[in-house]
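> Take 2 as the starting number for the sequence shown in this note's numbering and just add one per residue.
Please read through the structure below; I'll follow up with questions.
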Amino acid sequence: MKLTYRFAALAAAAALTVTGCSATSTSTATEDTGTTEKADAALAKISETVLSAGPNGEEATPASEIELTEEDVAAVNALGAKAAIVMHYGGNDWANAQIDGLRSEFERLGIEVTAVTDANFKPDKQVSDLETVMVQNPDIIVSIPTDPVATSAAYKRVADAGIKLVFMDNVPEGLTAGEDYASVVSADNYGNGVASAHLMARELGGKGQIGVIYHEADFFVTQQRYDGFKETITSEYPDIEIVEEQGIAGPDFAGDAQGAANAMITQYPTLGGIWAVWDVPAEGVMAAARAAGRTDLKIATEDLGKNVAIALAKDELVIGLGAQVPFDQGVTEARLAAMAMLGQETPPYVALSSLPVDHENVLEAWEQVYHEEAPQDLRDSYKD
2 MKLTYRFAAL
12 AAAAALTVTG
22 CSATSTSTAT
32 EDTGTTEKAD
42 AALAKISETV
52 LSAGPNGEEA
62 TPASEIELTE
72 EDVAAVNALG
82 AKAAIVMHYG
92 GNDWANAQID
102 GLRSEFERLG
112 IEVTAVTDAN
122 FKPDKQVSDL
132 ETVMVQNPDI
142 IVSIPTDPVA
152 TSAAYKRVAD
162 AGIKLVFMDN
172 VPEGLTAGED
182 YASVVSADNY
192 GNGVASAHLM
202 ARELGGKGQI
212 GVIYHEADFF
222 VTQQRYDGFK
232 ETITSEYPDI
242 EIVEEQGIAG
252 PDFAGDAQGA
262 ANAMITQYPT
272 LGGIWAVWDV
282 PAEGVMAAAR
292 AAGRTDLKIA
302 TEDLGKNVAI
312 ALAKDELVIG
322 LGAQVPFDQG
332 VTEARLAAMA
342 MLGQETPPYV
352 ALSSLPVDHE
362 NVLEAWEQVY
372 HEEAPQDLRD
382 SYKD
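Below, the structure written as structure tokens:
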């Protein structure tokens, strides 16, 4: 993954200071300067590694290692295969980018996408979606389970039917890699949580009170984000106090987060910031902050959705996030499905590094995440 110039430069400066090569002694640096250097050095390192393990503790294989030869591409094209994409919920920037990546690579591989479904985060709807697409006799299903337990039997039926399964982010309970499914592909969600913790700490100068809004569900990737954020704050920044935590279950994630943030802001008038588990809940936190006149509140989150990107560009409320690269994730999933069709061995867990994003690199990050130029309204929002 490309390292942003800002984080690379600041990490290098921090390293010089630590080794005594800086003209200014660290003993005279302010606490804020020390926090900034510490956070930026950590953010630079995160961009070049994967901190997450897989759903069953698997070591991550870098997505850069998932490649197809020209012979592989020709062989897959000759199969005339069909694929279905079964989402947990859709309509957001992450899901759209993931689907775009899958469609793009499937087209290159001559694989027809016959269905794309949206379960609206309801396990029973996803089970029905799986049953519906199975009637179309796809060779491949790429999916993200809404609930690893409630959907398990349905995915097992897919596997038993001989359909090649590739998962996004999470795996249903009781399914085995290499037998029931080819692989699971994920962003470094623990790393994304860690990134957002360092970004929050940097903006707070290493001290203050914050609230946490997490996903109240048995969902592997959002739990990893929460763990990464909380463990980093508590272990690395002891002068930052998490005074309140509130779970949200959806499906109105923005509305639920707004209600939780309203309560936190009211109860803790000196609250310095709130972390939200992804961009849609963060939109609810922004609404609560504006309603309370708390334009000074620091909001950190995950995923580079358009609304939080505009807030970053304006340098308002949202101070940073750990971004996934969902288009690249979709491309990787399609390649793993092709490898499975060819009978090739596939690694059980593949991951892509976190991308820390703040005001300074938000336009560059948009291009990296979505493989397209930042939209005009986002560029127009950028405050120099």
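Virtual Cβ for every residue (Gly too), placed ideally from N, Cα, C.
(1) Do S354 and T50 count as a contact pair if the criterion is CB distance below 8 Å?
(2) Nearest to G55 by alpha carbon, out of V363, E108, L110, A352?
(3) Assign R203 to one of two classes, buried (16 or more other C-beta atoms within 10 Å of its C-beta) or exposed (fewer than that).
(4) Do S382 and W276 have their beta-carbon atoms positioned less than 8 Å apart in this structure?
(5) If we call anything under 8 Å between Cβ atoms a contact, is L337 one with V167?
(6) What would DSSP say about K157, mapped onto helix, strand or coil?
(7) Would you say D304 and W95 are within 8 Å of each other, going by their C-beta atoms?
(8) Within 10 angstroms of its Cβ, does Y371 collect 16 or more other Cβ (buried), or is it exposed?
(9) Using CA coordinates, which residue listed in W279, A293, E180, Y156 is at the minimum distance from N93?
(10) Hey, would you say P124 sits closer than 8 Å to D148, going by beta carbons?
(11) Given that a residue counts as buried once 16 or more other Cβ atoms are within 10 Å of its Cβ, and exposed if not, what is D240?
(12) What number of angstroms, rounded off, separates the C-alpha of M340 from the C-alpha of S187?
(13) So V213 and I249 are supposed to be a Cβ contact under 8 Å. How far apart are they, rounded?
(14) Cutting at 6 Å between CB atoms, please list the residues of its own chain near I438, excluding the five before and the five after it.
(15) Should K384 be labelled buried (16 or more other beta-carbon atoms within 10 Å of its own) or exposed?
(16) Do the CB positions of S153 and E174 come within less than 8 Å of each other?
(17) Just the Cα atoms here: how many angstroms apart are P348 and N190?
(18) Are P357 and L200 closer than 8 Å when you measure CB to CB?
(19) Roughly how many angstroms separate the alpha carbons of T267 and F254, rounded to a whole number?
(20) Can the beta-carbon of P252 be found closer than 8 Å to that of F122?
(21) Kindly confirm or deny that the stretch 314–326 and the stretch 291–301 touch, where touching means at least three C-beta pairs closer than 8 Å.
(22) Is the Cβ-Cβ distance between I112 and V77 less than 8 Å?
(23) Alpha carbon to alpha carbon, how far is A290 from K208?
(24) Buried or exposed for Q225, please, with buried defined as at least 16 other CB atoms from any protein chain shown within 10 angstroms of its CB.
(25) Which two residues bound the contiguous beta strand (DSSP E) that contains P357?
(26) Measuring straight from C-alpha to C-alpha, what distance separates A45 and V185?
(27) Of the residues E284, E237, F221, E246, which one's Cα is nearest the Cα of G306?
(28) So A314 packs on V363, CB below 8 Å; how close in whole Å?
(29) Could you give the residue range of the beta strand (DSSP E) that holds Y350?
(30) Within the stretch 327–352, note down every full alpha helix (DSSP H) run reaching 4 residues or more, in order along the chain.
(31) Just to confirm my understanding: we take R104, look at its own chain, exclude 5 residues before and 5 after, and list those with CB closer than 7 Å. What are they?
(32) Taking only the alpha-carbon atoms, compute the straight-line gap between S129 and A42 and give it to the nearest angstrom.
(33) To which residues of the same chain is Y238 closer than 7 Å at the C-beta, ignoring the five residues directly before and after it?
(34) Since H216 sits in a beta bridge, which residues does DSSP pair it with?
(35) If you measure between the beta carbons of F221 and D170, is that distance less than 8 Å?
(36) Taking CB distances under 8 Å as the criterion, tell me whether A85 reaches chain C.
In brief:
(1) Contact flag set, yes.
(2) The shortest C-alpha separation from G55 is found at A352.
(3) Buried: at least 16 other Cβ atoms inside 10 Å.
(4) Not closer than 8 Å, so no.
(5) Cβ distance < 8 Å, so L337 and V167 count as in contact.
(6) Secondary structure of K157 (DSSP, three-state): helix.
(7) For the pair D304 and W95, the CB atoms are nearer than the 8 Å cut-off.
(8) In summary, Y371 is buried, with 16 or more beta-carbon neighbours lying within 10 Å of its beta-carbon over all protein chains present.
(9) Nearest of W279, A293, E180, Y156 to N93, Cα basis: W279.
(10) Yes. Within cutoff.
(11) With fewer than 16 other Cβ atoms from the protein chains shown falling within 10 Å of its own Cβ, D240 counts as exposed.
(12) Each residue's CA atom was taken as its position, placing M340 and S187 some 17 Å apart.
(13) Not really, about 11 Å apart at Cβ, beyond 8 Å.
(14) Summary: the structure shown does not reach residue 438, with the chain confined to residues 2 through 385, and so no result is reported for it.
(15) With fewer than 16 Cβ atoms within 10 Å of its Cβ, K384 is classed as exposed.
(16) For S153 and E174, yes; Cβs fall inside 8 Å.
(17) Rounded to whole angstroms, P348 and N190 show a C-alpha spacing of 18 Å.
(18) For P357 and L200, yes; Cβs fall inside 8 Å.
(19) When rounded, the distance between both Cα atoms is 20 Å.
(20) It is a contact, given that the beta carbons lie within the stated cut-off.
(21) The answer is yes - the stretch 291–301 touches the stretch 314–326, with three or more Cβ pairs under 8 Å.
(22) The Cβ atoms of I112 and V77 lie closer than 8 Å to each other.
(23) Cα to Cα, the separation comes out at about 20 Å.
(24) It counts as buried.
(25) Going by DSSP, P357 is part of the beta strand (DSSP E) stretching over 356–358.
(26) In a straight line, the C-alpha of A45 is about 26 Å away from that of V185.
(27) Residue E284 is the option with its Cα nearest to G306.
(28) 5 Å between Cβ atoms; contact.
(29) Its beta strand (DSSP E) spans residues 350–353.
(30) Listed in chain order, the complete alpha helix (DSSP H) runs (minimum 4 residues) inside the stretch 327–352 are 327–342.
(31) For R104, where only same-chain residues beyond five positions count, the Cβ hits under 7 Å are V114.
(32) If you take the alpha carbons of S129 and A42, they lie about 47 Å apart.
(33) Short of 7 Å from the beta carbon of Y238, and not among the five residues preceding or following it, lie these beta carbons of its own chain, in chain order: A202, G207.
(34) Residue pairing from DSSP places H216 in a beta bridge opposite I249.
(35) Taking 8 Å as the cut-off, the beta carbon of F221 is found closer than this to the beta carbon of D170.
(36) No chain C appears in the structure shown, which is made up of a single protein chain.
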